[in-house]
Structures are given as structure tokens and as C-alpha cells.
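Take a look at the structure set out below.
Number of protein chains: 2
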Amino acid sequence: MYSIRLTEDEIPKKWYNIAADLPVEFPAYDQTEEGKQLENLPKIFSKGVLEQELSTERYIKIPKEVREAYKQMGRPTPLVRAKALEDHLDTPAKIFYKREDTSPTGSHKLNTAIAQAYYAKQDGIERLTTETGAGQWGTALSLACNLMDMDCTVYMVKVSFNQKPYRKTIMQLYNGEVLASPTTQTEFGRKVLAENPDHPGTLGVAISEAIEDALNDEKVYYSLGSVLNHVMLHQTVIGQETQKQLEIAGETPDVMVACVGGGSNFAGAVFPFMKDQLDEKINCKFIAAEPSHCPTLTQGDYCYDFGDTAGLTPLIKMYTMGHDYIPPSDHAGGLRYHGMSPLVALLVHEGLVEPRAVEQNDIFKSGVTFARTEGIVPAPETCHAIKVGIDEALECKKTGEEKTIVVNFSGHGLLDLKGYDDYLAGKLD
Amino acid sequence: MYSIRLTEDEIPKKWYNIAADLPVEFPAYDQTEEGKQLENLPKIFSKGVLEQELSTERYIKIPKEVREAYKQMGRPTPLVRAKALEDHLDTPAKIFYKREDTSPTGSHKLNTAIAQAYYAKQDGIERLTTETGAGQWGTALSLACNLMDMDCTVYMVKVSFNQKPYRKTIMQLYNGEVLASPTTQTEFGRKVLAENPDHPGTLGVAISEAIEDALNDEKVYYSLGSVLNHVMLHQTVIGQETQKQLEIAGETPDVMVACVGGGSNFAGAVFPFMKDQLDEKINCKFIAAEPSHCPTLTQGDYCYDFGDTAGLTPLIKMYTMGHDYIPPSDHAGGLRYHGMSPLVALLVHEGLVEPRAVEQNDIFKSGVTFARTEGIVPAPETCHAIKVGIDEALECKKTGEEKTIVVNFSGHGLLDLKGYDDYLAGKLD
Chain C
1138 MYSIRLTEDE IPKKWYNIAA DLPVEFPAYD QTEEGKQLEN LPKIFSKGVL
1188 EQELSTERYI KIPKEVREAY KQMGRPTPLV RAKALEDHLD TPAKIFYKRE
1238 DTSPTGSHKL NTAIAQAYYA KQDGIERLTT ETGAGQWGTA LSLACNLMDM
1288 DCTVYMVKVS FNQKPYRKTI MQLYNGEVLA SPTTQTEFGR KVLAENPDHP
1338 GTLGVAISEA IEDALNDEKV YYSLGSVLNH VMLHQTVIGQ ETQKQLEIAG
1388 ETPDVMVACV GGGSNFAGAV FPFMKDQLDE KINCKFIAAE PSHCPTLTQG
1438 DYCYDFGDTA GLTPLIKMYT MGHDYIPPSD HAGGLRYHGM SPLVALLVHE
1488 GLVEPRAVEQ NDIFKSGVTF ARTEGIVPAP ETCHAIKVGI DEALECKKTG
1538 EEKTIVVNFS GHGLLDLKGY DDYLAGKLD
Chain H
1138 MYSIRLTEDE IPKKWYNIAA DLPVEFPAYD QTEEGKQLEN LPKIFSKGVL
1188 EQELSTERYI KIPKEVREAY KQMGRPTPLV RAKALEDHLD TPAKIFYKRE
1238 DTSPTGSHKL NTAIAQAYYA KQDGIERLTT ETGAGQWGTA LSLACNLMDM
1288 DCTVYMVKVS FNQKPYRKTI MQLYNGEVLA SPTTQTEFGR KVLAENPDHP
1338 GTLGVAISEA IEDALNDEKV YYSLGSVLNH VMLHQTVIGQ ETQKQLEIAG
1388 ETPDVMVACV GGGSNFAGAV FPFMKDQLDE KINCKFIAAE PSHCPTLTQG
1438 DYCYDFGDTA GLTPLIKMYT MGHDYIPPSD HAGGLRYHGM SPLVALLVHE
1488 GLVEPRAVEQ NDIFKSGVTF ARTEGIVPAP ETCHAIKVGI DEALECKKTG
1538 EEKTIVVNFS GHGLLDLKGY DDYLAGKLD
């Protein structure tokens, strides 16, 4: 059996909240002396997600309507045994990958987009604003808003907007409005452009613009695709499904890998297993793969910083490159973020998660190997996880260990082929 | 339940060959007085597929290795109830769609690509040549050849090559060599370019070049992605799976729709049900949806013609626009073919299949409706089937009939977003 598939009834009924099981206290959000950042939260987030953000309940019920939308959008997703890749690597390891690319929007992002759109709709909201880097998140939120009969405005990092014109098209197809950030439509966007008319945009700037937009209209909320606790929570359907699927396969994981930008696909895949680890039911190595071009976990500082560039968010304790950091314009736009989920950061800081930085050329090489064996073209972000998964499998080849390696396949790369094109042409540095 | 999923064991063990059940005799292939076309066949096709091409056995066993590759590449594919689309249309009809887009290469084409690569490999062949229009076929054959450790050369219609640069990238990613046809590498390509240096290319020209390439090297075969009987045969895994899935859902089809270019996804989805129809087990309307820009079935002649432009193929009795016809450069490149599967043509001629031509703007409108309700972005080709499916469902709304409508969702449109972009911008004629 290659593909382990669950029925629609096997979609989890609850999200798993790791805040209930943290080994140390979660560092509370803070604000500057000028204040306002904490006051802003109820103006831009729904009651539903704010309650989840601070909750320490271990399990939180998934609303019926959200679960129904998960079903309709193709959950549960398959867990697949990568036999062709194993054969190619000639490794004794077993490699599994969880296919979040099978979502209609091509990545795991729809898991939280649907939930956030649902809770906003409950509050009578008419429009959501957000940022997007690579475009996976903006695509997911555009569709989720459309499914919930709301409007959606997406501030897309300008360098990505220009690199991939058809990302705009698919968001528009889902009824989203797409703007290249920095824009002239917000005060902060105008300020950034005044200082540097050629500013390539960053996730930090785009977040600032989207929050400013939401703060200016009480019928509008802001929605974040990663970093925050409620986003990690919503993504835990991934890991919970994977637990069931590995049980069907008769396996326990020895190594789990996911890529990290803001941390959400990593958290979604890993947190349910981290509970098993803390309960001493499994003995697994958890690896967070990040780009060496934006090495937040391996080279950033663990301290309080803003989630955005303008300083509109509360101060969050996380690994950070600094909120005004401009990462190089590489092809994994979804991992180009100065900060990190405070939950993932805490687990890294406590030594429960190993961070590993990987190089751009290496990750595309791994992506090509994966496509030529398993058939599916991974998103550049996902290639980071695959690279580490392959390295771990090759290590097993040396040691002869028959480890079970689980890679979270966060998304496909069909709208990110420029990176592969440059790689195949030898144009990447 | 939205998605009806089968296990890997439920992949059909045999292909269904409609040649055993035709209501009239199949019109034999012929050749010109100068001859050579029939003699050419064993030089460019494997023994396996040539035997299938002329077989009248009702069921032909799927080789173990091919079935294994089907599993590995994600078969069986889901059949999905389009509840959100039904609600949007406010129709009493039930709409199901068979998701051939879930193949790693994004369409049904891999079903025959794997089989053809397998049989060629059995004959000791080292490289396959082929043509591609939209690119779905060239992508599938590139991957299939790579899986079977063979090389692949793809002659891509120049207008499509230029319209969608990333199609080339994905074929290269799968190890395929991609050339914009007409090329200067074949005698026929040079002849075409000498007459018209700006020739946009056609499937007919690209087929001629690919055949010429294969004829010049005995270690090389040619592979066709549609039209021929063995291709229709390989695709019947689609319809056989759909039969099982509808049985699970407790449904019998009243209307089945698929788009037609060369006819293969239509044949694959419909032929197994056509047997049930001829056996009077069901009473179903079968509709072949074609573009009004290349109306082969609705406006072509039913007569003998070449499958390619140079006259290298045998003469085939089919509907045809003439083998030197140059269709307008619209966005459904996969349906821009002058001819048609002789099996599909025969069934249309006998009145067992209803052909229906639909307009480009209308099909993109239907594609947008589908994406905004069901989430998945259909290929422009697939939009033709969706347009007809929606029309049938709206007819049910008028009459109050609770028909079961099955649409073959032949592929996704993630590499064909330019068409949507032009549609959304109001730029299509």
C-alpha cells in the first residue's frame, strides 16, 4: 500500500492545543510603553480566535460548519509511503509524506483559513485583510472568504507579486482583491515607499498594511496565516490524521520533518506527536527546516519583537531577525519571515525541536529528485523539508538503521515553477 | 459524503475494450496508393499497443507493473459529489465529478502514458517521441518515461509553448526534452517553416515531426496521447472506477459529460458505461463537449483522413476538419485537434453520443463558478465538460427532474491560468 487514506468521518473532531502541555510557561504577549498593540487585538480578530489564542484547554471542538468545509475541500489528506524515493536513495529507512498539497488551493493553509473566516463571519464581519508571501496563504484565505460569502483583500509582497503573476490570477479567480505591497493605499505603505520607492516588500510590511486596513473599518478583520497560537491550533488536524494513518501502517515515527517560515505547517504536523513525546509514548527527533537565506531559528535571537514592521502587533517572544529585516529575494517566499511562531520558538529554545538551515540549490535538487521519483512537484518551501528528510534517510543508509521518517508535504509547486526553471538553468546562486 | 474513495486494490485489473461491443463494424485503417503508412506502424509502436489497437477482446489484462505504477501515482482517483455547485445552481440534479486532476501530472493522461512507456520498455526501446498541445500529455509522458528509465522528446505546439513557459519547465523537471514545433530538427518541420516562418504550430504538425523522429531511429518509438484505440482502452480505468463509486453512492447516471479533443478522456470515462447502455442496464445521455473554435464533431466531415499533417499516419475514418486545418489559437490547446478518435467518432455517427460545441467565454465562466464553489480550478479543456454539466443541471431546475449528472474532471488548470487571466480581464473574444 502506498497511500493510506481515511474516511471523511475520521477528520478530527477537536483541535489539539499544545499550550496545555508546554514544559515551561508561555511568555505572555506584551506591548510598548506607547501601548495600543494589545488594545488593537479585539478590533482585528474574531472573538473565536482570540479566545483560542490564550486558551490552555487541551482540546478545542472544531465547529460543525468548519468540519463540513474540511470535508468538502477534500480532507482527510493521504499519507503516502515514498517507496520510489526510498528505492532511489537505496536506504533502509521508511519515508512517509503527508500530502497537504491535495487541498484545492495547494497547501495546508486552507485548514486555518476556513476556521478564521468562519469565526469572523460569526461576528458579522464583511471583509478580511491579510498579507501573503509566496501566495499560498492569500490563495487559501481568498477561497475561504468566498466560501463564507465574505470579501478578502490580500497584500502580496511585491517581489513575489512580480515573480509569479499567476498567483494574482488564482486569488482573483477565488474573488480575492490582490495588491502589491508596499501599496499607496495605507499610511504605512506610503511611508515605506517614500523612504525607498523600490522597496521589494516583506511579510512584515505587508502585515502592517493589512492590519492598518482592518483597524480603519469596524466591519473588517485581519487574518494571519501563521505565527499565532490559534493558527498552530487549527493546523493540528494534519498531525492528528497522521497519527491515525501511521497506526494503520503499524509505524511509529523516529524522525519528523517540516519546513518553517512562520511555523504553522510544522506545528500542525508535529504538535500532536510532541504530546506523545512528552508522554514518553514515542522517541522521535523533530526537525524544523528553514532556509539559510532567512535563518530565523538557527541565527536569530530569542527575544521579544514585533510580528510586523510598523509595530502594530503586540510584542511576541520568539526567534527573530529583527522586525525591519529584509531577507534576500530567494524563491521560497513562504519562508521569508523575520520571526517565528512563539510556540515553535519555545520548543526550539527548550531543545525539543532541532532547527536546521538548508541551502537554496540543495533544496531544489531534492525537489527535482522527489518529482522524478514520486511524481509530485513540491513547493520550494516544502523542498526544505524534503531535503532534510532525504539527508536523514541517507544517514540511515550509512548506519543501517531502519528509521521511520515522516515529512510534512506542505504544498505543491505548480505555481512556483520559476524557481525550478532557474535551478535547472543553473541560474541560482 | 462528498468524496467516494476506493482502495488501491480496487483499481481495475483489466481494461475494457469497446471494440468487442460496437454496434457496427470498425472501419479498418487504410493507406494511400503510395503506401508506407501501415508499414510504418510496427516501426513506431510497441508490439503491446499494436496488438491492443486491433484487438476485439472485450477485456485486456493490465500488466502487474502498470497497475503498480497506477497505485504509486495515486489511483484510484476520487469521485466527488458537487454539493456546493448544486446549491449555487439551486438545481434538483445531483452532480458528481471524477477527479483525474489528482494525478501528479494534473490530468488523466498518465493512465495511458504509463502503459505505453511500459510496453515500449518491453521492446527494448530507449526513447519515446511525442507531440503536445496544452502540455498535459507531454508532461505525463515525460514522467512515465522517467519512471521507466527511458528518455522522452516532446514536440510542443509553438503557440502553446509561448503561451505557457512553465509547461516546458515541468516537462524538463520530469526529464523530458521539449522542442517548440515546428522545429528545424525534422525535414517536415523545416518544410513547414520554409512555407511559413511564423507558423503557430498545430497538433497535426507536431505529430508529423514526432513520427519522423521515431522513424529515423530503431531504438525510438512514437507515442500518441489520444485518438488511437489503445489509448482509449488504457483510459477505461476511469469509467470502471466510476462505476464502482456510483454503485457505492447508490446512483445510476442519467447524463455523462466529458470534453473531447482527440477523445481519450471521454472514451475512458464513458465506454464502460456505454457497455451498460448497450446491455440496456442504464438509460444515459452521453455528451461530448467540444470547443466551437474547433468543432470537429459538430461541423467536421465523417470520412477517412490522416491523423497528422504530413500524411505519415494511416488513413483513419473519423470526424475531421481536414489534416491541414489550423484552428484559432484559443486557450484550450488540448482540444485543438483536427480529427477525433475513430471509436468516439463512430459512436457519434451512430447517434449513441451527442456532440455539443461550446463557446470560449462561456466555458471560462463555468470554470470560475466551479472554482468558487468546489474550490478546484479546472483546466480550460475540462471547463467545456463543466459548462455542459451546468447547462444540464439548469435544465433540471426548469423541469424539476432529479437527474444524476456525471462530469469527467479531466485535469486542473494551475498551469493554464493565462486563459483565466484574460477572461477575468475581459480580454477574450
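As given, the protein sequences belong to chains C and H, one line each in that order. Heads up, the first sequence is in this note's numbering, so the first residue is 1138 and it goes up one at a time. Heads up, the second sequence is in this note's numbering, so the first residue is 1138 and it goes up one at a time. For each residue, glycine too, the CB sits at the ideal point set by N, CA and C. Note that the coordinates shown come from a computational prediction; the quantities given were computed from them, not determined experimentally.
Short Cβ contact (9 angstroms threshold) for residue i with residue j
{"i": "Gln-1253 (chain C)", "j": "Ser-1318 (chain C)", "result": "no"}
{"i": "Gly-1270 (chain H)", "j": "Val-1294 (chain H)", "result": "yes"}
{"i": "Val-1407 (chain C)", "j": "Pro-1492 (chain C)", "result": "no"}
{"i": "Ile-1344 (chain H)", "j": "Leu-1265 (chain H)", "result": "no"}
{"i": "Asn-1283 (chain H)", "j": "Asn-1248 (chain H)", "result": "no"}
{"i": "Ser-1478 (chain C)", "j": "Val-1364 (chain C)", "result": "yes"}
{"i": "Gly-1471 (chain C)", "j": "Ala-1426 (chain C)", "result": "no"}
{"i": "Leu-1551 (chain H)", "j": "Ile-1307 (chain C)", "result": "yes"}
{"i": "Ala-1530 (chain C)", "j": "Glu-1223 (chain C)", "result": "yes"}
{"i": "Leu-1480 (chain H)", "j": "Ser-1360 (chain H)", "result": "no"}
{"i": "Val-1374 (chain H)", "j": "Ile-1148 (chain H)", "result": "yes"}
{"i": "Pro-1337 (chain C)", "j": "Ser-1192 (chain C)", "result": "no"}
{"i": "Leu-1143 (chain H)", "j": "Pro-1213 (chain H)", "result": "yes"}
Delimiting residues of the alpha helix (DSSP H) encompassing residue i
{"i": "Asp-1286 (chain C)", "result": "Unbroken run through Asp-1286 (chain C): none, as it is neither H nor E."}
{"i": "Ala-1156 (chain C)", "result": "Careful: Ala-1156 (chain C) lies outside any alpha helix (DSSP H) and carries neither H nor E."}
{"i": "Arg-1304 (chain H)", "result": "1302–1310"}
{"i": "Ile-1513 (chain H)", "result": "Segment: none, Ile-1513 (chain H) is in no alpha helix (DSSP H) and carries neither H nor E."}
{"i": "Ile-1463 (chain H)", "result": "Note, Ile-1463 (chain H): premise wrong, no alpha helix (DSSP H); not H, not E."}
{"i": "Lys-1325 (chain C)", "result": "For clarity, residue 1325 (chain C) is Phe in the given sequence; the question names Lys instead. Looking at the DSSP string, the run of the alpha helix (DSSP H) that includes Phe-1325 (chain C) is 1324–1332."}
{"i": "Lys-1564 (chain H)", "result": "Lys-1564 (chain H) -> no alpha helix (DSSP H), and no H or E assigned at all."}
{"i": "Met-1369 (chain C)", "result": "1366–1386"}
{"i": "Glu-1147 (chain H)", "result": "Element bounds for Glu-1147 (chain H): n/a, residue is neither H nor E."}
{"i": "Ala-1447 (chain C)", "result": "No alpha helix (DSSP H) holds Ala-1447 (chain C); DSSP gives it neither H nor E."}
{"i": "Glu-1349 (chain C)", "result": "1340–1352"}
Which of helix, strand or coil DSSP assigns to residue i
{"i": "Gly-1548 (chain H)", "result": "strand"}
{"i": "Val-1294 (chain H)", "result": "strand"}
{"i": "Arg-1195 (chain C)", "result": "coil"}
{"i": "Phe-1403 (chain C)", "result": "helix"}
{"i": "Asp-1260 (chain C)", "result": "coil"}
{"i": "Ser-1503 (chain H)", "result": "helix"}
{"i": "Asp-1416 (chain C)", "result": "coil"}
{"i": "Lys-1184 (chain H)", "result": "helix"}
{"i": "Met-1244 (chain C)", "result": "At residue 1244 (chain C) the sequence reads Ser, which differs from the Met that was named. DSSP places Ser-1244 (chain C) in strand when its eight states are reduced to three."}
Bounding residues of the beta strand (DSSP E) (the contiguous stretch that carries residue i)
{"i": "Pro-1428 (chain C)", "result": "1422–1428"}
{"i": "Met-1393 (chain H)", "result": "1392–1396"}
{"i": "Asp-1438 (chain H)", "result": "1438–1443"}
{"i": "Lys-1201 (chain C)", "result": "Lys-1201 (chain C) -> not in any beta strand (DSSP E); alpha helix (DSSP H) instead, spanning 1201–1209."}
Euclidean distance between Cα positions of residue i and residue j
{"i": "Glu-1170 (chain H)", "j": "Leu-1452 (chain H)", "result": "11 angstroms"}
{"i": "Pro-1229 (chain C)", "j": "Thr-1389 (chain C)", "result": "15 angstroms"}
{"i": "Cys-1421 (chain C)", "j": "Ala-1219 (chain H)", "result": "41 angstroms"}
{"i": "Glu-1263 (chain C)", "j": "Leu-1483 (chain C)", "result": "35 angstroms"}
{"i": "Glu-1226 (chain C)", "j": "Ala-1250 (chain C)", "result": "According to the sequence shown, residue 1226 (chain C) is Leu rather than Glu. Going by the C-alpha atoms only, they are around 36 angstroms apart."}
{"i": "Asp-1167 (chain C)", "j": "Tyr-1256 (chain C)", "result": "24 angstroms"}
{"i": "Tyr-1303 (chain H)", "j": "Lys-1381 (chain C)", "result": "37 angstroms"}
{"i": "Ala-1562 (chain H)", "j": "Ser-1429 (chain H)", "result": "21 angstroms"}
{"i": "Asp-1416 (chain C)", "j": "Glu-1205 (chain H)", "result": "39 angstroms"}
{"i": "Thr-1446 (chain H)", "j": "Gly-1400 (chain H)", "result": "18 angstroms"}
{"i": "Glu-1538 (chain H)", "j": "Asp-1391 (chain H)", "result": "10 angstroms"}
{"i": "Asp-1499 (chain C)", "j": "Thr-1320 (chain H)", "result": "34 angstroms"}
Those residues which DSSP pairs with residue i across a bridge
{"i": "Met-1411 (chain C)", "result": "According to DSSP, which records beta bridges pairwise, Met-1411 (chain C) is partnered with nothing at all."}
{"i": "Thr-1266 (chain H)", "result": "H:Thr-1290 and H:Tyr-1359"}
{"i": "Pro-1492 (chain H)", "result": "H:Ala-1425"}
{"i": "Ile-1453 (chain C)", "result": "C:Asp-1442"}
{"i": "Leu-1316 (chain H)", "result": "H:Tyr-1292"}
{"i": "Ile-1141 (chain H)", "result": "H:Leu-1216"}
{"i": "Arg-1509 (chain H)", "result": "Partner(s): none; Arg-1509 (chain H) has no beta bridge."}
{"i": "Asp-1528 (chain H)", "result": "DSSP, once it has assigned bridges, lists no residue as partnering Asp-1528 (chain H)."}
{"i": "Val-1543 (chain H)", "result": "H:Phe-1233 and H:Met-1393"}
{"i": "Lys-1151 (chain C)", "result": "C:Lys-1198"}
{"i": "Asp-1167 (chain H)", "result": "H:Leu-1452"}
Contacts that residue i makes with chain D (C-beta to C-beta distance below 7 angstroms)
{"i": "Ile-1307 (chain C)", "result": "Although the question refers to chain D, the structure presented lacks it and instead comprises the protein chains C and H."}
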